[in-house]
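Note sheet for the following structure.
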């Protein structure tokens, strides 16, 4: 039982982290478009020259 | 005419003997027109031909996109023009474009890939639900105009897009709702764990210290649920009490706040039951219901709030010496002289100084044929100049134009829209009154029996009768139905449409573009003796291919090529095909070529065009704005429901009566202005009728906004779409017949849900009143009843396939 005195505060910290993560995800527009990502994963496999051209888009800009 | 082969790109029929083909995916493909061929070639040249493997819908015909004006694109490179919609941070510029021509998910792939290959583009993300493209690129290496032009090459039109206030607020509200939902969900799970441990049902041998800790943990975790997530319920309740109106919000607030306050007391004293998890559950379930509803509504609002095409972005201004310069529309001043080339939209209200042409006013007035206009005549902003160049003097701009007057009429019309009662609100009202009365009675009774338990019994009664399932009844059903209707091709922008179909008793139709196709089609060819119909059609098409007139579109593409084609406005076309001098158009104009007598059209109905050469007439062509093939079915469905039908059209031709007679419409009136139409609607409302309006043009907009339920065609103007409750995306009137069935079923499910929820709440009252309901039982009952309601609503997603 004594372990609970530690585990409960730990659980609350984890919930806090989860909420922070969720807020970050919502604010950065992760939930704004629920259609395109579902489709886009289907297309990538047959890309003939995947690394041709200049692609420096590692950082997707925040969407707000 | 032989059976046509579909174009590989856009699926329109390929004319026989077409010369447009290119190799895609290893085999030779045929195209209907040079536009499709060029787009396909551009896609192949970019190594993106697997687009054709991925796509699930045929692509948009490039001719269907708004005309491309290279000068206009150049305007977008000016910094002052870019200012409102391009942000620049150092090297990279950042903008959002609205893309036209997207048909399926593969289009998104194609656009993103194509742009990523362009030099200077750093990232391109297309949002498929609202067709907005977010690009970051290096403006010094690639001007915006070239970026837009390169999109055009692969068959999409791009328009600059600026977030307006409403859209921004919506996006903000959406995110706020999602955050509240997430917080409520995450915290509720924790609260449930902590508070359930204190329930006697689980029989955990808790030490008093641990019991106290768990109560405190629950209290701390519930507090954000109350003060962050549930604020909208409390605000709603306060507002409703002020307006002396008992709604669901009042009931929900009582339960949530009651459970919370009792929980605080029990935490401090260490006695009594813990209802914190109930607060969390209510907040989470109710917020999910609201979020679902918002999401279903939002999708449609985002897709339709795109008022881009009513007026052109730029126009050609003439200076004193007669030189033209392309300027933005907002730079145009009163009394300026403007040149409008054929095929372009007229930018402002004005008077014609020079030139003869015909003007297509169909969207504004419902007239289905372009009207001839000559110097001295007035023309209206937003209408299409069809035949010849016109020079105008600007009389009215912006808010003073006739177009804006219609938009203002819209504002007035919206205030006229009757608010239909929502079933759930009515149920909630008497439900709440009875619960409050019962709770008071039970409380008084317990005070005299055992006053120490009275508070807890009343609390358990309030919690157990919280209309959680009742509040979920409508949103879940509407969300499920909105999804299925979307598959049928009907997009709802206001969910309560479904509930109110039952009250409708009158339907108003618009004619042009709604019951009819809204474009001229070739109905009949009558060759003169000794002439061949196919040959005559090929020649006529070759001539008409050189014209921008809506009549020309009826002829399709031709394998022959016409040269030296000249256009005599209001009369017809003249040109050379295979070395023959030919004319097509009005009979007197054509007969003049052969100096023969003017022949009489075969029948008086419809529009007849004559084709002739120097020897004499060759063939008659009948053109007509055809009825949609499924219009009779829709009318039959309306009659079956006993609705009276009414046709209101801006068209003053006898076509109106003809259409009404063919379809068996009760009453038809032609030649109406938007204000007239609105007056007819008001008259109907005054007589107590409930009206459904189906329309498409700008002239229908006020009526669409004021009708009890309004449906706009998918091909309608943006303004019509935004003022309607639903949009018939597929343009198939048959979908509407199916939708009526879904609407009926939805209403039935809403009523079933409400009945079940009320029954559950009613049954639980006696048990709560005698003090048997503990927090554990309340939670179980609540979840099961909510789940049942949701599952019942899910039945709406299983729909019979629409009849093909």
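Protein chains in written order, with UniProt numbering: chain A, 1 to 64; chain B, 1 to 804.
For each residue, glycine too, the CB sits at the ideal point set by N, CA and C.
It should be emphasised that the depicted structure is a prediction, and the values quoted were computed from it without experimental measurement.
198(B) is the residue among 667(B), 227(B), 198(B) whose C-alpha sits nearest the C-alpha of residue 776(B).
When C-beta atoms of the stretch 213-225 of chain B are compared with those of the stretch 392-407 of chain B, fewer than three pairs fall below 8 angstroms, so the two segments do not count as touching.
No beta strand (DSSP E) of 3 residues or more sits fully in the stretch 93-120 of chain B.
DSSP, read as helix, strand or coil, puts residue 91(B) in coil.
With respect to the C-alpha of residue 544(B), the residue from 289(B), 699(B), 572(B), 632(B) having the closest C-alpha is 572(B). Note that the stretch 651-665 of chain B does not touch the stretch 680-694 of chain B; fewer than 3 beta-carbon pairs, one per stretch, sit closer than 8 angstroms. Residue nearest to residue 569(B) within the set 563(B), 560(B), 738(B), 584(B) is 584(B) (criterion: CA-CA distance).
DSSP, reduced to helix, strand and coil, places residue 314(B) within a strand of the structure shown. For residue 522(B), the uninterrupted beta strand (DSSP E) segment begins and ends at 516-527.
Spanning the alpha carbons of residue 463(B) and residue 752(B) requires a straight line of approximately 22 angstroms.
Contact annotation for residue 15(A) against chain B: 186, 187, 189, 190, 221 [CB-CB distance below 9 angstroms, chain order]. Closest in C-alpha terms to residue 778(B), from the list 390(B), 210(B), 456(B), comes 456(B). A Cβ of chain B is located within less than 8 angstroms of the beta carbon of residue 26(A). Taken atom to atom, the span from the alpha-carbon of residue 610(B) to that of residue 656(B) is near 25 angstroms. The distance from the Cβ of residue 85(B) to that of residue 78(B) is about 12 angstroms, inconsistent with a contact at the 8 angstroms cut-off. Inter-residue distance for residue 559(B) and residue 529(B) is about 24 angstroms (C-alpha atoms, whole angstroms). Listed along chain A are 36, each with a C-beta nearer than 8 angstroms to that of residue 126(B). One thing to note: residue 382(B) has its Cβ no nearer than 8 angstroms to the Cβ of residue 284(B).
Every beta strand (DSSP E) stretch that sits fully inside the stretch 588-657 of chain B and reaches 3 residues is listed by chain position as 607-613, 617-627, 644-648.
Here the alpha carbons of residue 17(A) and residue 629(B) stand approximately 59 angstroms from one another. Annotation: residue 3(A) has no Cβ neighbours in chain B at a cutoff of 9 angstroms; minimum Cβ distance is about 11 angstroms. In the DSSP assignment, residue 574(B) falls within the beta strand (DSSP E) that extends over 572-577.
In this chain, residue 27(A) is not harboured by any beta strand (DSSP E); it is covered by the alpha helix (DSSP H) spanning 2-27. Beyond the five residues adjoining it in sequence on each side, residue 594(B) comes within less than 8 angstroms, by CB distance, of 612, 613, 614, 615, 616, 617 in the same chain, given in chain order. In the DSSP assignment, residue 324(B) forms a beta bridge with 318(B). A residue is called buried once 16 or more other Cβ atoms fall within 10 Å of its Cβ, and residue 61(B) is buried on that count. At a C-beta separation below 9 angstroms, residue 12(A) has these neighbours in chain B: 190, 217, 220, 221.
Within the same chain, and ignoring the five residues on either side of residue 790(B) in sequence, the residues whose Cβ sits closer than 7 angstroms to its Cβ are 472, 476.
Inter-segment contact for the stretch 38-51 of chain B and the stretch 69-78 of chain B is absent: fewer than three beta-carbon pairs are separated by less than 8 angstroms.
If you look at residue 765(B), you'll find it in the alpha helix (DSSP H) that goes 733-769. Residue burial annotation: residue 90(B) is exposed, with fewer than 16 other C-beta atoms found within 10 angstroms of its C-beta. Interface with chain A (8 angstroms Cβ-Cβ cutoff): residue 289(B) is excluded.
Residues of the stretch 762-788 of chain B with a C-beta atom less than 8 angstroms from some C-beta of chain A do not occur. Nearest Cα to residue 774(B) within the set 142(B), 272(B), 131(B), 442(B): 272(B).
Of all residues in the stretch 161-179 of chain B, those with a C-beta nearer than 7 angstroms to a C-beta of chain A are 175, 178, 179, reading in chain order. In the DSSP assignment, residue 80(B) falls within the alpha helix (DSSP H) that extends over 79-82.
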